[in-house]
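Residue numbers (this note's numbering): 208 to 266. Glycine included, each C-beta is placed from N, C-alpha and C at the ideal position.
So, in structure tokens, the structure goes:
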């Protein structure tokens with residue numbers, strides 16, 4: 208069983224295996240947040256990490 212300590216570990220693993228692709232960046236005055244794309248249940252979805260650290264999936 209794989210265990211990850213941080214959301215960043217999961218994102219990095221998905222990027223390395225080609226299951227996640229960075230498609231853009233959301234720029235703010237204080238931080239730049241990557242925007243990702245993946246396939247979930249046969250549909251392409253966008254994923255961004257909120258500043259609070261929560262995951263948000265958008266169809």
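Residue i and residue j closer than 7 Å at C-beta
i	j	result
residue 231	residue 242	yes
residue 244	residue 220	no
Exposure of residue i, with buried meaning 16 or more beta-carbon neighbours within 10 Å
i	result
residue 254	buried
residue 240	exposed
residue 214	exposed
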